[in-house]
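Residue numbers 601 to 817, in the numbering used here, belong to the letters of the sequence shown in order.
Virtual Cβ for every residue (Gly too), placed ideally from N, Cα, C.
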Amino acid sequence: MNDSRRKRRRPQVSLLAILLLMVAIAVWLACYRTELATQKLAVQLPGLRSLTRELIVDDPSKLTTIGRNPEWTDDMDGEIWVPNGKHYSVCMALEGISEDANTLPDAELRKPIGFGKHKIQFRVDRSGDESRHEVWLDDELFLQATRPKDWGFGSSYSGYGFSTLRQYGGAPPWELFRRQFELPRSEKPFKGFLERPDGPGPGMQVWIDEQQEPTPL
């Protein structure tokens, strides 16, 4: 009689075992959700990093730039990382500026730049008798070219400048800034109206190129 009762007795699971199982499932679900969130964040990370306005150098062998919001129409500033291993120069031109990013004018000015992190600014100063088109490096005047006071003044322009985080691939030259001025028409009935030049024209273009002959800094 007692043996038959023991055979009919069902196995029992303790409350502690049930709680431990529930905890294990909850932990597994939490880990799974965390993994999904991590994968999603990894996809979004490049875009988020570009909006931080901080210079982040993933590859020190490549030129890296980040721009800041300009305070004035003619001004722009940012930070750049110049790779080591070769000698580079900052080049600037005010004539022969093209809309084609692959077309570079003859450099009016050039000056060697050291490797590492730099603060860079592009400015136009019309406070005097001339308009001074300048490149500032680490809060010091680096390059300056002058033109008549009304040169390029009041005209709209098409241009390029680095804004979000960018890492340059390939060999130099590396363009940093390009602005092409629109010129007033000379023919009637639209005389005086601004239009883009048919080809290269006045503006401002700044780029980094490799030095042919290293110059001591």
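R710 and S727 closer than 7 Å at C-beta: It is not a contact, given that the beta carbons lie outside the stated cut-off.
Could you name the residues of the same chain whose beta carbon sits closer than 7 Å to that of K686, not counting the 5 residues immediately before and after it, in chain order? So the list reads E810, once near-sequence residues are dropped.
Beta-ladder partner(s) of V682, from DSSP: According to DSSP, V682 bridges with G716.
Going by the beta-carbon positions, is the gap between D738 and R732 smaller than 7 Å? Against a cut-off of 7 Å, the Cβ pair of R732 and D738 comes out as no contact.
Return the CA-CA distance between G769 and K662, expressed in angstroms with no decimal places. The straight-line gap from Cα to Cα measures roughly 7 Å.
Which residue or residues does DSSP assign as beta-bridge partners of V735? In DSSP, V735 forms a bridge with F722 and L743.
Assumed close pair R779, M804 - CB separation to whole angstroms, cut-off 8 Å: At roughly 5 Å, the Cβ-Cβ gap stays under 8 Å, so R779 and M804 are in contact.
Could you tell me which of G716, E775, A637 and L783 sits nearest to D798, measuring between CA atoms? Nearest option by C-alpha distance: L783.
Return helix, strand or coil for T634, following the three-state DSSP convention. Three-state DSSP puts T634 in a helix.
Cα-Cα separation, G716 to P683: Distance between the alpha carbons of G716 and P683 is about 6 Å.
On a CA-only basis, which of W736, K749 and I808 is nearest D729? Give me that one, please. Per the Cα distances, K749.
Once the 5 residues before and after C691 are set aside, which same chain residues still bring their CB inside 6 Å of it? A707, R710, W807 and D809, listed in sequence order.
Quick one: what does DSSP say A693 is sitting in, helix, strand or coil? In this structure, A693 counts as strand in the three-state DSSP scheme.
Return yes when the Cβ of D677 is within less than 7 Å of the Cβ of Q744, no when it is not. No; because the gap between Cβ atoms is not below 7 Å, this pair is not in contact.
Please classify W774 as buried or exposed, where buried requires at least 16 other C-beta atoms within 10 Å of its C-beta. W774 should be labelled buried.
Among V657, I625 and L620, whose alpha-carbon lies nearest the alpha-carbon of H718? Per the Cα distances, V657.
Rounding to the nearest angstrom, what Cα-Cα distance links A617 and L629 in this structure? Between A617 and L629, the C-alpha separation is close to 18 Å.
Check the DSSP bridge columns for E810 and list the partner residues they point to. For E810, the pairing in a beta bridge is given by DSSP as Y688.
So who's on the other strand from P748, going by DSSP bridges? DSSP output for P748 lists E730 as bridge partner(s).
F781 and G752 closer than 7 Å at C-beta: Yes, they are a contact pair.
For T664, which residues from the same chain have a beta carbon less than 8 Å from its beta carbon, with the 5 sequence-adjacent residues on both sides left out? Counting only Cβ-Cβ distances below 8 Å, and skipping sequence neighbours, we find L655, I656, V657, D658, I680, W681, L765, R766, Q767 and Y768.
For L629, three-class secondary structure by DSSP: Secondary structure at L629: helix, using DSSP grouped into helix, strand and coil.
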